[in-house]
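**Q** Submitted below is the structure of interest, expressed as structure tokens.
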Amino acid sequence: MKHQMERKWQNRLGDDRFDPSDSVKPKRYVLAMFPYPSGSLHMGHVRVYTISDAMARFYRLNGANVLHPMGWDAFGLPAENAAMQRRIPADTWTQRNIGEMRKQLEMLAFSFDWKREFATCEPEYYRWTQQLFLMLYKDGLAYQREALVNWDPVDETVLADEQVDDNGCSWRSGAKVEKKVLRQWFIRTTRFAKPLLEGLNDPGLEDWKDIIKLQRHWIGDCEGYAFELPLVGEHKMKSVSVWTSDPTELQKTLFVAIHPTNLLNAAERSECVLENVTIQNPFTGAVLPVIVTEMVPFPEGCDTYLAVDNEKNRQLADKSGLKLKECTAITPSPGEEIVCKALEKGIGGYPVSSKLRDWLISRQRFWGTPIPIIHCPSCGPVPVPDQELPVRLPTDSVGVPLAQQDEWLRASCPSCQRTDCRRESDTMDTFVDSSWYFLRFLDAQNRKEMFDSALAHRLMPVDLYVGGKEHAVLHLYYARFVAHYLHSKGLLPTSEPFKRLLVQGMVMGRSYRVASNGKYISPTEVEIVDEKANKAIERATGEPVTMLWEKMSKSKHNGVDPLEVLREHGCDALRLILLADVAPTSHRNWSEATFPGILNWQKRLWLTMYDFREQRAKAVPNVTQQPPGSQEFTDHEQKLWDARNYFTAGATFNYRHSHQLSVGISKMQGLTNAIRRAPPDVVTYGRQYERALAAQIIMLAPMAPHFAEELWEQLATAPHRVDEKNGLRWDGTVFDQRWPEIDEEFPLDLTFKINGAECCILKIPAKRFNQLTHQESLDLALRQEPIVKLIGKRPLRTSDFTLYPSCEAILNVDLDRAVVEEGVDPQALKSKKEKKDKKAKKKKSLQVLHIG
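Using full-length UniProt numbering, count along the sequence shown one by one with no gaps and you end on 852.
Next comes the structure, spelled out in structure tokens:
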């Protein structure tokens with residue numbers, strides 16, 4: 001029956017597409033991180049897109065013009081390797097996978113705007129990735145130089161430092177990374193290090209929480225400056241990067257120390273002087289010797305050290321056998337002057353942390369965006385003219401590196417027209433493709449430019465960005481960099497691309513490992529001895545088995561095919577199961593033991609509608625309620641009025657503000673229970689019963705669209721339905737309705753908390769509540785005697801107070817912080833506070849005040 005229902009409604013779910021010409025409705029840009037097209041969806045995919053789809057549908061029901069696009073992060077090693085194994089072009093493999101995954105996404109009723117679909121491997125997309133590179137190049141933010149790089153010997157490509165784990169292994173192949181000196185392309189992300197760090201203080205960033213900490217840690221404190229100093233002599237590397245917190249140190253440097261790991265041809269001794277290699281100091285003209293040593297205080301994350309003129313460094317030079325010349329007296333320049341000179345010369349001078357490096361984007365594999373540069377013997381590296389973009393990949397090639405494709409490499413110089421030039425054979429890191437994709441969705445069919453800046457000024461930033469925490473550092477850092485750069489050129493309205501971030505947890509599967517050897521075995525090979533005690537054995541051997549919750553993986557035999565669940569329980573049940581029980585930000589342990597709660601709720605809702613139609617069929621025409629004067633009928637109607645408002649306020653809060661969709665489901669289940677408690681006469685004649693049932697179905701619609709559409713049709717066509725104007729369109733579908741509103745006289749909560757514990761609630765009618773400003777609400781709270789007694793004259797900040805329109809307000813005071821502002825040492829009150837806390841646990845006094 002569920003499948004029949006879903007087939008009935010599959011193309012009638014109110015999936016209104018974004019209308020760029022509509023400037024009346026508020027815009028909402030809801031974006032889920034686009035997937036790599038592996039060919040099959042996994043539960044992680046289904047979870048993230050169920051979350052984004054529920055939010056997109058919620059915003060539409062609230063009258064917003066919603067942009068909810070989908071595309072494919074389609075370049076990269078997995079496709080290239082898979083295609084090589086099958087001896088087919090990577091393009092063929094990728095497009096086949098995209099077709100399969102799109103069918104699967106459509107089966108799950110996600111309301112994506114497929115007219116905006118693109119894949120990053122399409123020339124129509126990477127043409128603009130190449131133009132972004134050239135913009136950076138012309139602004140001095142993309143450059144090529146020799147560098148000691150991380151080489152993956154299995155995948156045969158360079159890796160950025162971020163793609164090497166703590167054990168020195170490749171993030172993808174797992175191979176031990178080797179060091180090589182190669183000429184590579186970099187993007188000067190350090191130029192925006194300080195703005196990127198300061199951008200994390202933007203009050204417009206909502207729900208970033210620990211992601212801000214990760215970004216701060218990655219960027220580091222920008223308490224110094226990095227400079228690129230030229231190497232002179234017999235060495236493959238042409239320059240070294242140095243960092244200092246004091247630029248004037250560059251005028252009094254004796255030598256430069258380099259850690260042994262930074263040079264391939266360093267001597268075996270721990271300390272030595274590099275012969276025939278020196279550094280030219282661009283600020284003094286002095287020639288600086290180079291010492292290889294581990295015995296200096298390298299700044300955090302640095303493998304170079306500026307040795308200024310002091311006794312300790314002179315002793316080190318002497319110990320290393322370095323004969324120092326007497327320093328020529330130089331009139332010191334202010335640090336600002338040195339920084340300005342560095343900026344003019346293009347050798348650094350930007351505020352940056354000691355550990356942050358520029359973004360290495362060169363990759364030596366075939367399946368990626370070609371770097372649009374032609375190397376000319378006369379002119380050097382020359383940008384490909386815009387009119388000649390895109391530089392296309394030879395898609396019929398089966399994984400042969402571009403460096404080996406002589407015909408493709410041949411090119412003429414755009415500047416001097418020499419014909420013996422060669423194209424750049426490196427391709428770009430796939431993170432470049434995903435660093436700006438959210439902007440292409442705004443204007444996916446634009447053939448003239450990356451995106452229309454005027455449109456971007458209307459639609460950016462992304463209002464809600466949903467994705468995995470594994471992208472909390474690299475992808476977000478690169479995307480933020482690109483947005484900061486484009487904002488600096490006036491192309492974007494804000495420097496931060498994502499307003500609200502919802503980082504969803506992984507879907508975890510139950511795995512089983514033989515305790516003696518750690519081998520993973522399938523569930524069919526396991527006998528559960530005691531579920532509660534977490535005891536199991538291997539059927540064949542009787543050996544103890546360890547039961548774990550781990551990320552789903554074929555190798556661990558703990559994956560679940562979403563399509564199997566879809567075939568058994570239907571699309572809406574799968575969506576509800578993924579959203580229920582735990583918050584989107586938490587890991588979801590996939591267990592069939594959790595299914596009955598959702599399946600039973602669906603059953604109860606269906607029975608509720610069946611009972612409603614049965615009772616309404618028995619209703620006597622022209623009778624609107626029980627005989628006048630029935631107090632019992634009135635009381636039940638009042639309870640339903642109260643329940644509808646209460647649970648609607650709760651569900652709305654959890655959709656709109658907290659994004660705790662699992663709690664929203666709990667609120668809706670509470671409303672279901674209230675509805676089912678109504679006696680038959682209220683079901684038959686009650687207006688409030690009908691309003692509560694309508695609200696229930698509308699709030700369910702974003703999560704279970706087919707089921708809600710069927711319930712709505714049953715409600716709208718029920719006999720003897722109460723003909724009352726409540727803003728409902730009985731001639732439309734559930735997605736033609738507006739989100740339920742709170743009645744004006746219903747009291748909403750202004751909750752006062754001390755150290756997070758509720759201690760006083762002000763009940764304020766919704767009409768007045770929603771007219772209050774932030775400051776008026778705070779003033780109202782501080783006029784109430786119980787609150788005054790609780791906090792006394794302690795100073796409060798506006799950040800202590802949060803107002804959620806149509807839902808609730810929270811005034812939360814941290815007593816320790818307030819005490820500090822009064823100049824009292826909180827440690828002196830610690831024992832006293834602990835005693836009070838113990839008493840508070842024994843007896844909690846929660847005062848409720850009704851405000852007219």
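We put the beta carbon where it would ideally sit given N, CA and C, even for glycine.
Which residue marks the beginning of the alpha helix (DSSP H) containing residue 601, and which one marks its end?
**A** Taken as a continuous stretch (DSSP letters only), the alpha helix (DSSP H) holding residue 601 covers 595-617.
**Q** Once the 5 residues before and after residue 12 are set aside, which same chain residues still bring their CB inside 8 Å of it?
**A** Once the five neighbours on either side are set aside, the close Cβ partners of residue 12 are 709, 733.
**Q** Note down, one range per segment and in chain order, each alpha helix (DSSP H) of at least 4 residues found wholly within the segment 377-418.
**A** You should have 406-409.
**Q** Please list the terminal residues of the continuous alpha helix (DSSP H) segment that includes residue 476.
**A** Segment 474-488, the alpha helix (DSSP H) holding residue 476.
**Q** DSSP three-state call for residue 450: helix, strand or coil?
**A** DSSP places residue 450 in coil when its eight states are reduced to three.
**Q** By a C-beta neighbour count over all protein chains shown, 10 Å radius and 16 as the cutoff for buried, is residue 1 buried or exposed?
**A** Exposed, since its Cβ has fewer than 16 Cβ neighbours within 10 Å.
**Q** Leaving out five residues before and five after residue 267 in sequence, what residues of the same chain have Cβ atoms less than 7 Å from its Cβ?
**A** Per-residue confidence for residue 267 stands at a pLDDT of 46, beneath the threshold of 50, marking its modelled position as unreliable; the derived number appears in the next sentence. Around residue 267: 292.
**Q** Starting from residue 507, follow the alpha helix (DSSP H) in both directions and report where the run begins and ends.
**A** Here residue 507 belongs to no alpha helix (DSSP H); instead the beta strand (DSSP E) covers 507-514.
**Q** For residue 278, report the span of its beta strand (DSSP E) as first-last.
**A** Residue 278 -> beta strand (DSSP E) spans 272-280.
**Q** Can you give me the start and stop residues for the beta strand (DSSP E) that residue 152 sits inside?
**A** 142-152 is the span of the beta strand (DSSP E), which, as asked, contains residue 152.
**Q** Restricting to Cα atoms, I'd like to know which of 586, 746, 776 is closest to residue 767.
**A** Here the closest residue by C-alpha is 746.
**Q** Below 6 Å CB to CB, which residues in the same chain sit around residue 175 once its five sequence neighbours on both sides are set aside?
**A** Cβ within range, chain order: 152, 153, 154.
**Q** Use the C-beta contact count for residue 417: other C-beta atoms within 10 angstroms, 16 or more gives buried, fewer gives exposed.
**A** Exposed, since its Cβ has fewer than 16 Cβ neighbours within 10 Å.
**Q** By the 10 Å Cβ neighbour count, where 16 or more other Cβ atoms means buried, how is residue 24 classified, buried or exposed?
**A** The residue is exposed, with fewer than 16 neighbouring Cβ atoms inside 10 Å.
**Q** Grab me the residues of residue 465's own chain with a C-beta within less than 6 Å of its C-beta, minus the 5 sequence neighbours each way, in chain order.
**A** Excluding sequence neighbours, residue 465 sits near 31, 498, 501.
**Q** Enumerate in chain order the residues of its own chain whose CB-to-CB distance from residue 491 is below 6 Å, with the five nearest sequence positions on each side excluded.
**A** The residues are 453.
**Q** Which of helix, strand or coil does DSSP assign to residue 361?
**A** Correct three-state label for residue 361: coil.
**Q** Can you tell me whether residue 848 is buried or exposed, with buried defined as 16 or more other CB within 10 angstroms of its CB?
**A** The residue is exposed, with fewer than 16 neighbouring Cβ atoms inside 10 Å.
**Q** Which of the three DSSP states is assigned to residue 434 in this structure?
**A** Note: residue 434 maps to coil in three-state DSSP.
**Q** Determine contact between the segment 51-69 and the segment 26-40, defined as no fewer than three beta-carbon pairs at a distance below 8 Å.
**A** Contact holds: three or more Cβ-Cβ distances are below 8 Å.
**Q** Is the Cβ-Cβ distance between residue 471 and residue 33 less than 8 Å?
**A** Closer than 8 Å, so yes.
**Q** With a threshold of 16 other CB atoms inside 10 Å of the CB of residue 295, please say whether the residue is buried or exposed.
**A** Exposed, by the Cβ-count rule.
**Q** CA-CA distance, residue 810 and residue 606?
**A** Their Cα atoms are separated by approximately 37 Å.
**Q** Against chain B, does residue 619 count as a neighbour if the rule is that its beta carbon must be under 8 Å from one of theirs?
**A** Considering every chain present, this structure includes no chain B. It has just one protein chain.
**Q** If you reduce the DSSP assignment to three classes, tell me which class residue 564 lands in.
**A** Residue state, collapsed to three classes: helix.
**Q** Which residues does DSSP pair with residue 589 in a beta bridge?
**A** Residue 589 pairs with 508.
**Q** Using beta-carbon positions only, say whether residue 737 and residue 609 come within less than 8 Å of one another.
**A** No, the Cβ-Cβ distance between residue 737 and residue 609 is not below 8 Å.
**Q** Suppose you measure from the CA of residue 252 to the CA of residue 181; what does that come to, to the nearest Å?
**A** Their Cα atoms are separated by approximately 30 Å.
**Q** Could you spell out where the alpha helix (DSSP H) holding residue 78 opens and where it closes?
**A** Residues 77-86.
**Q** Tell me the rounded alpha-carbon separation between residue 543 and residue 534.
**A** So the alpha carbons of these two residues sit roughly 14 Å apart.
**Q** Candidates 735, 764, 231: which alpha carbon is nearest residue 862's?
**A** This structure leaves residue 862 out entirely; the chain is present only between 1 and 852.
**Q** On a CA-only basis, which of 546, 413, 409 is nearest residue 379? Give me that one, please.
**A** Minimum Cα distance to residue 379 is reached at 413.
**Q** Would you call residue 111 buried or exposed, if buried means 16 or more other Cβ atoms sit within 10 Å of its Cβ?
**A** Result: buried.
**Q** Can you list, in chain order, the residues of its chain whose CB lies under 6 Å from that of residue 706, leaving out five sequence neighbours each side?
**A** Result list for residue 706: 5, 6, 9, 572, in chain order.
**Q** What whole-angstrom Cβ distance do residue 250 and residue 239 have, given they're in contact under 8 Å?
**A** The Cβ separation is near 14 Å, so there is no contact.
**Q** Reducing DSSP to helix, strand and coil, say where residue 183 ends up.
**A** Three-state DSSP puts residue 183 in a strand.
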